[in-house]
Structures are given as C-alpha cells and as structure tokens.
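The structure appears right after this line, and notes come after that.
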Amino acid sequence: MGNKIIVAGGGHGGIAAAMLLAQKGFDVTVYEKNAADKLGYDWTDIFDRKGWTAVGIPIPDKSKYKLKQDMTFYGPAMETALTQNTEDDKKEIQMERKDIYAHLIEYAEKAGVKFRYEEAVEKPILLGNRVVGIKTDKGEYLADLVIDACGLNSPVRQNLPPSMGIQNNPVEYEQFYVYRAHFNKMCEVEEKDKFKLILLPNNELGISWVATEENHTDVLIGRFFKFDRDYAISQIDEMRKLNPSIGTDILRGDSFANIPVRQPLGVLVADGYAAIGDSAFMTVPVIGSGIANSLKAAKILADAISNDFSGSYSAETLWNYQKNFYKEIGAALAPLACIKLLLTRLEGPELDYIFAKGILNAEDMTIDADSTSLGAMLSGMSLDDIKIKLDGLINNKVVLGKVVKMGLQLARATAVTAAMPTSYNRKTVLRWVEEYNSCFKR
Ligand SMILES: Cc1cc2nc3c(=O)[nH]c(=O)nc-3n(C[C@H](O)[C@H](O)[C@H](O)COP(=O)(O)OP(=O)(O)OC[C@H]3O[C@@H](n4cnc5c(N)ncnc54)[C@H](O)[C@@H]3O)c2cc1C
216 MGNKIIVAGG
226 GHGGIAAAML
236 LAQKGFDVTV
246 YEKNAADKLG
256 YDWTDIFDRK
266 GWTAVGIPIP
276 DKSKYKLKQD
286 MTFYGPAMET
296 ALTQNTEDDK
306 KEIQMERKDI
316 YAHLIEYAEK
326 AGVKFRYEEA
336 VEKPILLGNR
346 VVGIKTDKGE
356 YLADLVIDAC
366 GLNSPVRQNL
376 PPSMGIQNNP
386 VEYEQFYVYR
396 AHFNKMCEVE
406 EKDKFKLILL
416 PNNELGISWV
426 ATEENHTDVL
436 IGRFFKFDRD
446 YAISQIDEMR
456 KLNPSIGTDI
466 LRGDSFANIP
476 VRQPLGVLVA
486 DGYAAIGDSA
496 FMTVPVIGSG
506 IANSLKAAKI
516 LADAISNDFS
526 GSYSAETLWN
536 YQKNFYKEIG
546 AALAPLACIK
556 LLLTRLEGPE
566 LDYIFAKGIL
576 NAEDMTIDAD
586 STSLGAMLSG
596 MSLDDIKIKL
606 DGLINNKVVL
616 GKVVKMGLQL
626 ARATAVTAAM
636 PTSYNRKTVL
646 RWVEEYNSCF
656 KR
C-alpha cells in the first residue's frame, strides 16, 4: 500500500485512525499546531473505556484512571435532585487529558505515525472538487487523503466549497462556550452532591457543574452564548453560596474552550477528505462527551479506507465510513440533539416542573457516552413511569406544547437520518443533507 495520508490536527479520532492506518502500511503524518507537551487541556475527562478497545489499544493502567462519580442533576431552583445510578462495570472512566494523549500517541508512534508539532494547518488545498493536501504556516503538503481532526473550529472544514454539502460552521445553540477551573476544596459534601450538574443555572441558557474531588473542587460554566472571565467568576461566586466546597484559590485550568453540542455533521466525506471527532461534531449533544465516539469512529474510518482497494479515497468509497458511523453512533446522537433543543426552549421554572413531577427522572438522566440511544431509554420505562410522565405533561400545557414540538422534531430527525442514501451520488446526498440539517432548526 503505502498511500500517503495527512491527519490535520491532533484530535483523538485522527490520531487513532492514523495509528490503525499506519499498522496497515499507510504513510501517515499528523500536523498539530501545539507543541507535544502542550497537547490537551489541564483537566480530567470522563469517557467510555470501550473507546480504547475499539481501536485495539489496551485500557491504561488502573493508576491512571478512576471510575466516574454518578452525577446529580438539578434544575435552576436546586430543589429536585436526580442522581444517576450506574452499575460499576458500565461506569465511564475519568482520566487526565494529558494522560489520554500520552497513551494514544505512544501507540500511534509505535505503529509508525509521524508527528509534526507546532505547525498550524491554514486550509485545504483543492484541485477542482477534490481535497489534495493542506497548507500550513510552514508549507504545502499533498496527500491521497486528508483526515480532518482539527476540532470544532477546523480551518479545513471551514474552507470546503459549498458544492461538497459539508456544513462549514455550527450555528447558534450548537456549541457550549465553557470556562473551567479547579479551586481549593473547603469541605466535604454528601455523596449524592459530589458531582452536581445544574441545568439552566440562575435561568441562564447552559449548564454549570461542581465536582468535589479528593483534593480540589472542579467547576465548569458552560453557556450557549459567549462570555468573559468576569461573568464566569460572578457565576462561581453565586454557586459558592450553595456549594461551600468551592474555595477561592484557583489551582488549575482557569481557561476557556468550546464543545459542540449538536447533531453530527451531515456529510462527513468528500473526494480526498474525511472528518472525525469534534471536526465532525461527534459529541453526545446534551453532555458534550466526544472522546469515546471519536475513537470508535476512528476504527470505522480506518476500515473504510483500508477496504478501498481502488485507492481513490473518493466520496463514493468513503461513503462506507459515513454509513457505518451513522449506523453505529450517529443515528443515536441525532435525536439527542432535539432533546438539547428542548433545553434551549425551556424557561427555568418549566425545567424545575419537569424534574419535580417526574417527567424526567434519575434513570432518564443516566445518559453516558455509551448509552446514547433514546430507544434504550424508552424501552426501559415501566407503565407506571409513563403514567407519571403523562400526568405531569397533561397538567402543564406550556411544557406539554414544548415537549410535543420536540417529539415531532425528534421523529422527523430519526426518519430523515434513517433515510440517508445508501451510496454516494452528489445530487442525492446534497438533497438529503439539506433535509437532515433542516430537522435541527431551533
Ligand atoms: C471543557 C471541556 C470538557 C470536556 N469534557 C469531556 C469529557 O469529560 N469527556 C469527553 O469525552 N469529552 C469531553 N470534552 C469534549 C472533548 O474534548 C472532544 O469531544 C474530544 O476531544 C474529541 O475532539 P477532537 O479530539 O476531535 O478535537 P479536539 O480535542 O478539539 O482536538 C483537535 C486538535 O487539533 C489541533 N488543532 C486545532 N486547530 C488546528 C490547526 N489549525 N492546525 C493544527 N492543529 C490544530 C488542536 O490543537 C487539538 O490538538 C470536553 C471538552 C471541553 C472543552
């Protein structure tokens, strides 16, 4: 083989795909804008450990991770606590982001992947309708295929022509603007309040979390709108009143980042191009976890590439990646994007009502990166549970109207996603993606 593949950006899925392809004899180079020791964020992440096994990488040593604490969800009034109850073997793992990268890169380098750090990708190089390489701040490089793993604001995806049908940018309410910091820990808290996630905090559009860890308190402020550090600190000052474990000394983090919280990118491929990870918006829309999905997608992508014996890496041959990604992961994520849209339409008291009346309960909130299927959630409901939910809805016409609207949107999104073309034909795909994108209008 030996065909040349460029991975633009050191995203998790991109590096994992690079490793799998290098193992098959492809010549793969990753171009990453940061220095090797500056990769990833200064905090821990929670993800499904099956992400590792999907790409054939051993789960790291136990000293490198711990099991995730169950989360307790609150509405803005902080009155009803919905605590997840996840069995230990289903619990996600929590690891330092830097350790995740170190583990991934160790295996990628062993497979022969080359890394070029401190080289920023500026845009794709196009020949007609095909991506044939990348332009970086240091030069131009050609390849048989470019895998876009540059994340949410990928300059590769942003500079693709409309004729490819690939959405260049997310729209409003499709990303969380996030501030995160670790503070000194002032006191212990009850078991159920060790990891609190507040939806629509202070009736603001977004989420906040407070995780009281062994030696610090981890605070995250996520909003659907941009904000500055003063706003973040003022929100944390408010939170401190009800969460005395948050100290005032900042130990780590103290920085901003963005998370896609939307349906996956409608079209993932073009001639000479495939998007993965946050570049393709593969996070779980409500909770923003994207690491495990990126790793799982890497295996699907590497299989599609290595099974393209023509070596053309055209949209037609890469369509197997698109189809299998949606079958295994994407089709379950799209309906969750509709649930997220409901969250953006609710007023704080309406969400409090939904929690208080059991329209959503602790079991419903046991969403993780491995149980993203709405079908699984619905099939687990008892008749009594359904009755409680219906009673709650019938007694509040405004909430009922918003939930019905979401239900209709969700049904349409599910049907349109299922009707994805089975093979790539540009006209058909462009028509389909227009319809797919229209399912998620706020
Ligand atoms: C605050 C926060 C908390 C999160 N918590 C979790 C969590 O607990 N669990 C979880 O699963 N996910 C979490 N996520 C989401 C997670 O970070 C992503 O979904 C996941 O990393 C997959 O994205 P990625 O690796 O494709 O992209 P990214 O993580 O964005 O990586 C992209 C890479 O490309 C590089 N890059 C970007 N632009 C260029 C360029 N122009 N040239 C060269 N290189 C470039 C970047 O430096 C980076 O290394 C969180 C995200 C944030 C912001």
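Residues 216 to 657 (the working numbering) make up the sequence shown, in order.
No residue lacks a Cβ here, since even glycine has one placed at the ideal position from N, Cα and C.
Rounded to a whole number of angstroms, what is the C-alpha to C-alpha distance between residue i and residue j?
| i | j | result |
| --- | --- | --- |
| residue 462 | residue 522 | 54 Å |
| residue 267 | residue 513 | 11 Å |
| residue 424 | residue 395 | 9 Å |
| residue 238 | residue 657 | 43 Å |
| residue 228 | residue 400 | 34 Å |
| residue 560 | residue 331 | 44 Å |
| residue 510 | residue 498 | 11 Å |
| residue 600 | residue 568 | 16 Å |
| residue 650 | residue 634 | 10 Å |
| residue 232 | residue 480 | 18 Å |
| residue 271 | residue 495 | 22 Å |
| residue 404 | residue 655 | 39 Å |
| residue 261 | residue 529 | 35 Å |
| residue 476 | residue 320 | 26 Å |
| residue 240 | residue 487 | 18 Å |
| residue 639 | residue 535 | 9 Å |
| residue 264 | residue 647 | 34 Å |
| residue 472 | residue 491 | 19 Å |
| residue 286 | residue 280 | 17 Å |
| residue 327 | residue 506 | 22 Å |
| residue 170 | residue 444 | Residue 170 lies beyond the stretch modelled for the chain, which goes from 216 to 657, so this question has no answer here. |
| residue 273 | residue 306 | 17 Å |
| residue 460 | residue 573 | 29 Å |
| residue 304 | residue 581 | 14 Å |
For residue i, verify whether its CB is less than 6 Å away from any heavy atom of ligand 1.
| i | result |
| --- | --- |
| residue 553 | no |
| residue 428 | no |
| residue 517 | no |
| residue 657 | no |
| residue 509 | yes |
| residue 346 | no |
| residue 442 | no |
| residue 349 | no |
| residue 505 | yes |
| residue 520 | no |
| residue 262 | yes |
| residue 493 | yes |
| residue 383 | no |
| residue 248 | yes |
| residue 266 | no |
| residue 270 | no |
| residue 633 | no |
Helix, strand or coil for residue i per DSSP?
| i | result |
| --- | --- |
| residue 477 | coil |
| residue 235 | helix |
| residue 377 | helix |
| residue 491 | coil |
| residue 339 | strand |
| residue 352 | coil |
| residue 624 | helix |
| residue 598 | helix |
| residue 364 | coil |
| residue 258 | coil |
| residue 446 | helix |
| residue 310 | strand |
| residue 614 | helix |
| residue 415 | coil |
| residue 537 | helix |
| residue 653 | helix |
| residue 437 | strand |
| residue 584 | Model confidence at residue 584 stands at a pLDDT of 49, short of 50, so the residue's coordinates are unreliable and nothing is read from them. |
| residue 532 | helix |
| residue 421 | strand |
Taking the Cβ atom as the reference point for each residue, do residue i and residue j lie within a distance shorter than 7 Å?
| i | j | result |
| --- | --- | --- |
| residue 550 | residue 628 | yes |
| residue 257 | residue 468 | yes |
| residue 426 | residue 226 | no |
| residue 484 | residue 533 | yes |
| residue 615 | residue 608 | yes |
| residue 318 | residue 385 | no |
| residue 508 | residue 554 | no |
| residue 366 | residue 356 | no |
| residue 336 | residue 489 | no |
Does the distance between the C-beta of residue i and the nearest non-hydrogen atom of ligand 3 fall short of 6 Å?
| i | result |
| --- | --- |
| residue 493 | Ligands displayed in this structure: ligand 1; ligand 3 is not among them. |
| said: Could you check whether the region 430-437 touches the region 350-370, counting it as contact only if at least three pairs of C-beta atoms, one from each stretch, sit closer than 8 Å? | reply: No, the region 430-437 is not in contact with the region 350-370.
| message | Any contact between the region 383-393 and the region 439-456? By contact I mean 3 or more CB pairs, one from each, below 8 Å. | response | With the cut-off at 8 Å, the region 383-393 and the region 439-456 touch.
| message | Taking 8 Å as the cut-off, does the region 240-259 touch the region 286-306 (at least 3 CB pairs, one atom from each stretch)? | response | Because the criterion of three Cβ pairs below 8 Å is not met, the region 286-306 and the region 240-259 do not touch.
| task | Decide if the region 340-347 is in contact with the region 364-380; the criterion is three or more beta carbon pairs, one per stretch, under 8 Å apart. | result | The region 340-347 makes contact with the region 364-380; the number of CB pairs closer than 8 Å reaches 3 or more.
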